[in-house]
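Notes follow the structure.
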């Protein structure tokens, strides 16, 4: 997977949210990388007692969608 310049130099928080959301919402199903709605992501984070900035959430969702599109 080649780096996408749009996602270079992101904060450690960005990558931590990306990993956490992927792990808690199950990275894949039946061999296909999953996409998540913002509602699913917020709900899961709230279950964990985590509040995420809406802008950060949008950026994380954009990356996760990009990754799913690229790998599927």
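Residue numbers (the working numbering): 140 to 211.
Using N, Cα and C, we set each Cβ at its ideal position, and we do this for glycine too.
From 189, 179 and 170, pick the residue whose C-alpha is nearest to that of residue 200; which is it? Residue 200 has its Cα closest to that of 179, out of 189, 179 and 170.
Just verifying my parser: in three-state terms, what is the DSSP assignment at residue 168? strand
Where residue 176 sits in the DSSP three-state scheme: coil
Cβ contact check for the stretch 174-192 and the stretch 150-164: 3 or more pairs under 8 Å: With a cut-off of 8 Å, the stretch 150-164 and the stretch 174-192 count as touching, because enough Cβ pairs lie within range.
If we call anything under 8 Å between Cβ atoms a contact, is residue 175 one with residue 209? Contact flag unset, no.
Residues near residue 161 in its chain [Cβ-Cβ closer than 6 Å; skip 5 each side]: Nothing meets the Cβ criterion.
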